[in-house]
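Below: one structure, written as structure tokens.
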Amino acid sequence: MNHLKMIGFGVAALLLGSSAASAKTLVYCSEGSPENFTPALNTTGTSFDAARPVFDQLVEFDRGATTLKPGLAESWIVSPDGMTITFKLRKGVKFGAIRDFKPTRDFNADDVLFSFGRQYDEKNPYYKVSGGKYDYYSDMDMPKLVKSIEKKDDYTIVMTLSEPNVAILANLAMDFATIQSAEYADSLMKKGKPEQFDQVPVGTGPFTFSSYQKDAVIRFKANKDYWGGKPPIDDLVFAITPDPTARLSKLKTGECQVSTFPRPADLPEMQKDPDLTVMSQPGLNIGYLAFNAQKPPFDKKEVRQALSMAIDKPSIIKDVYLGAGQAAKNLIPPTMWAYNDKVVDYPFDPEKAKALLKTAGVTTPLDIDLWYMPVQRPYNPDAKRIAEMMQSDLAKIGVNAKLVTYEWGEYRKRLQNGEATAALFGWTGDNGDPDNFFFFLGCPGGKPAASNVGKWCNTEFDARLDKAKQITDQAERTKLYGEMQVIEHDDEPVLNIAHSVVYQPMRKNVVDYKMSPLGRNQFDGVDLK
Amino acid sequence: MIRFFLKRLALTIPTFIALTFLTFMAIRLVPGDPVEVRVGEHGISPERLEMFRHQLGLDQPVWKQFLDYGWHLLHGDFGTSLSTSNPVLTEFLTLFPATVELSAVAMMLAIAIGIPMGVVAAVKRGTWYDQVLMGLSVTGYSMPIFWWGLLLIMLVAEQWHLTPVSGRIDLIRFDYDTPTGFMLIDSLLSDEPGAFVDAVRHLILPSIVLGTIPLAVIARMTRSSMLEVLSEDYVRTARAKGLSPFRVIGVHALRNALIPVTTVIGLMTGSLLAGAVLTESIFSWPGVGHYLIEAISRRDYPALQGGIMLVSAVVILVNLLVDTTYGLINPRIRHGR
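Heads up: the sequence lines are chains X and Y, in that order. Heads up, the first sequence is in our numbering, so the first residue is 56 and it goes up one at a time. Heads up, the second sequence is in our numbering, so the first residue is 764 and it goes up one at a time.
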């Protein structure tokens, strides 16, 4: 028996040795456990990242960009009136097999109908499974926007809209629009285990799921039959490591090759380490101070401009963002295609600010409320500190700002109800389309919880916003968004503070990792030297 | 004896009820709404907010929510996690072995080192041995777990490469089933050469960190109890009879000195689990502590409530067990004298 065991060990060791030499494993130190593996049910980047290796969408973002490319839809045609989009689906796409399920058919229109149907059709058998909350589908206004999704034949899907909307293509590249296997769903329903559908994912993506242990590890294998070609690495492992210090240590010792969310304080050390690369780029976000255009004296644009000139933005960037932020002059970050670089930011000029206040007929001292968020956000590392700096700057022009804050949920609610006079807030983009940023300066239209927290409404801006949403010509849209940035600059509904810079640390032997402006961690196409 | 046990058992029932009530209320006093936490910057219409609240039963008056919760608890239903939609009990049971394994190893380490430390300090009372050992134990006791853990990671794992940084097993080399959830056992069952050694190496740092405080307490307790026993007549008699010092201390004195130490070890279970919350998050140890931290940040009420209840239940049961054993050993206790 002992001999047998010894031989067994020997053989196992040999096998292990040989497979370890040929198989390439990439370990990614992720920051937390996913809620589940169905993106339509989730709202967190952590969960999206964990499902992404397994899945595809009809339309996809280019790796490391916000531009769109065909995914499971090979091509699409938008009708001249912009009301219908016809998708031609890719043929011969296989779903990855897992231990409990071997697909018998290729991907087709039924999978598309199922995946979207689950999110809006109460008759879909999975509508209520796993809590049945489809936040993103609703947040992206899909229930209103999409009138119907129909199957013309096995490889043709027709989507009918309630009004023309170009940004919908970018929406369809988002994680909530992931295509899942209808056949797998059926088989689990028959077995009476529908919840497993969201825990053990089956998709058409570059990797297949192999196992998940909560708070410890997620394992994926390269999908050899992937329609886009087998990924260069063989195994992908998510080592769940919530503590940023432990993540850094593991990166240094080589226990993982790619890590995430470094602490700003650790960046200098990482950048000095010869074994590590730290990539960086401005995040797809904006931190701003919103003025309530419906409350005097902020209904006058001169007052808004004056306050913007009185605040020392460079000091805020330097002291609060600590180099991890880029001063913002427009609402959208410079990585976005419609960015208008011709806009010239307001200078820091307290004297001019005082004069402007006088022209606007405002007598000082003026008392205002300045709201700040109680939490740290990607676009604002320390809102309280920023508010304090603003307070002292404003005092110099005779404006006394009282600092106000609430618990985060309460803060957002009151802000969206328009209770604040001036408030720090911000936004992280979802899909890379400029509309996804500019929409929250659109006329609120009486919506009670609208994202337009300053309740600013400018008809010239709004007309362009509406028009830009309905045309497909990108040059034309760029022109419209460019003009909107000029209007915004002139009317100053918000003081744009900064786009935070995001950092991505990894080991030197990682090849061709592309940082996504959308904050996605993605490993297809990534190789190891 | 049975009466003693039943009396103790009866006492745990009001304890449980009070505990359920307190955790339930405490969690609701923490600012933050689980629905709002989910939403982020996205606006959400008041209707949908209401709908979610209704689905989760959060629109009910608090007393009714509490009664509902209690009713479900009585039926063994600890609720469903808001963030994962899995039953809390199932999630807890998959993570609990990791915590038990870590705590058990940490406790064994604390006992294995703490008792000899205390004995040596007592025997060498007043010498520099005593001073150094007791100095170490004070240091250990007052060591902030977080700092201590990070220090060890940086030195032992990062600089000297003696142990891995975190986790329970080398994820690249080993991928096998974990039927019991105890990595030490599963690694042996897996038949993968080297897996057991690797699992042990992963356990070293976290168990040192978690074991430090119990170690310090046990060492001090052993020392004082040992000193007391050493001055007793029977020890003097044993010495006078000419028994070897090893026999006198190791057998006669230690056996009696360990009785209060045993109680302390039992009582330490609670603080061990509290320490596990921090230790697990430093070392990415997928246990219950880690789970609770995650639940707090997501305002996952059912997960948090269920998790705290289950952890407390374990502590209460362990204490009941300790009391009973103690009562068995020492009849004076059970007769309340």
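Think of the CB as a built atom: it goes at the ideal place given N, C-alpha and C, for glycine as much as any other residue.
One Cα belongs to H554/X, the other to Y394/X, and the distance between them is close to 13 Å. Exposure of M764/Y is indicated by the presence of fewer than 16 other C-beta atoms within 10 angstroms of its C-beta. Between the segment 336 to 356 of chain X and the segment 471 to 482 of chain X there are three or more C-beta pairs closer than 8 Å, enough to call the two in contact.
The Cβ-Cβ distance between D831/Y and G820/Y falls below 8 Å. What A477/X touches in chain Y, judged by beta-carbon distance under 9 Å, is nothing: the nearest beta carbon there is about 18 Å away. A277/X counts as buried, since at least 16 other C-beta atoms from the protein chains shown sit within 10 angstroms of its C-beta. Look at the segment 914 to 934 of chain Y: the residues with a C-beta under 9 Å from a C-beta of chain X are I916, M917, A920, E921, H924, P927, V928, S929, G930, R931, I932, D933 and L934. With contacts defined by Cβ atoms closer than 8 Å, Q235/X and D166/X form a contacting pair.
Following the DSSP letters along the chain, one finds V292/X in no alpha helix (DSSP H) but inside the beta strand (DSSP E) bounded by residues D290 to I295. Within the DSSP secondary-structure output, G342/X pairs in a beta bridge with G481/X and A553/X. Close to Y1054/Y, with beta-carbon spacing below 7 Å, are these residues of chain X in chain order: D270. Taken residue by residue, none of the segment 144 to 174 of chain X has a beta-carbon sitting less than 7 Å from a beta-carbon on chain Y. Restricting attention to alpha helix (DSSP H) runs no shorter than 4 residues, the segment 412 to 459 of chain X encloses them at 438 to 450, ordered along the chain. Rounded to the nearest whole angstrom, the CA to CA distance from D424/X to G380/X is 26 Å.
Under the DSSP assignment, G380/X falls in the beta strand (DSSP E) whose first and last residues are G380 to A382.
The segment 79 to 88 of chain X makes contact with the segment 305 to 319 of chain X; the number of CB pairs closer than 8 Å reaches 3 or more. DSSP assignment within the segment 317 to 367 of chain X yields the following whole beta strand (DSSP E) runs of 3 residues or more, N-terminal first: 331 to 337 and 340 to 346. Taking 9 Å as the Cβ-Cβ cut-off, the segment 1039 to 1052 of chain Y approaches chain X at E1043, S1044, I1045, F1046, S1047, W1048, P1049 and G1050, given in chain order. At a beta-carbon threshold of 8 Å, the residues of chain Y lying near V292/X are L934 and I935, ordered along the chain. Here P135/X is exposed: its Cβ has fewer than 16 other Cβ atoms, across all protein chains shown, within 10 Å.
In this chain, the beta strand (DSSP E) harbouring P125/X covers L123 to P125. With fewer than 16 neighbouring CB atoms inside 10 Å of its own CB, W826/Y falls in the exposed class. Judged by DSSP secondary structure, T215/X falls outside any alpha helix (DSSP H) and instead within the beta strand (DSSP E) spanning T211 to L216. Around S905/Y, no beta-carbon contact reaches into chain X at under 8 Å, the shortest distance being about 22 Å.
When C-alpha distances from S335/X are compared across F252/X, T159/X, N97/X and P572/X, the shortest belongs to P572/X. Interface flag for S987/Y against chain X is unset, since no Cβ pair is found closer than 8 Å. Around the Cβ of D190/X, a 10 Å sphere holds 16 or more other Cβ atoms; the residue is buried. The beta-carbon of K569/X is placed no less than 8 Å from the nearest beta-carbon of chain Y. A straight line joining the alpha-carbon of H544/X with that of M391/X spans about 17 Å. Along the length of the segment 70 to 109 of chain X, whole beta strand (DSSP E) runs at least 3 residues long occupy 80 to 85, reported in chain order. For S217/X, there are no neighbours in chain Y by C-beta distance under 7 Å, as the nearest C-beta there is about 18 Å away. Beyond the five residues adjoining it in sequence on each side, E462/X comes within less than 8 Å, by CB distance, of P429 in the same chain, given in chain order. In this structure the segment 841 to 848 of chain Y touches the segment 1061 to 1079 of chain Y; the number of beta carbon pairs closer than 8 Å is three or more. Here DSSP, grouped into helix, strand and coil, assigns A869/Y to helix. Per DSSP, the beta bridge partners of Y558/X are S335/X. Distance between P286/X and L411/X, taken at the CA atoms: about 59 Å.
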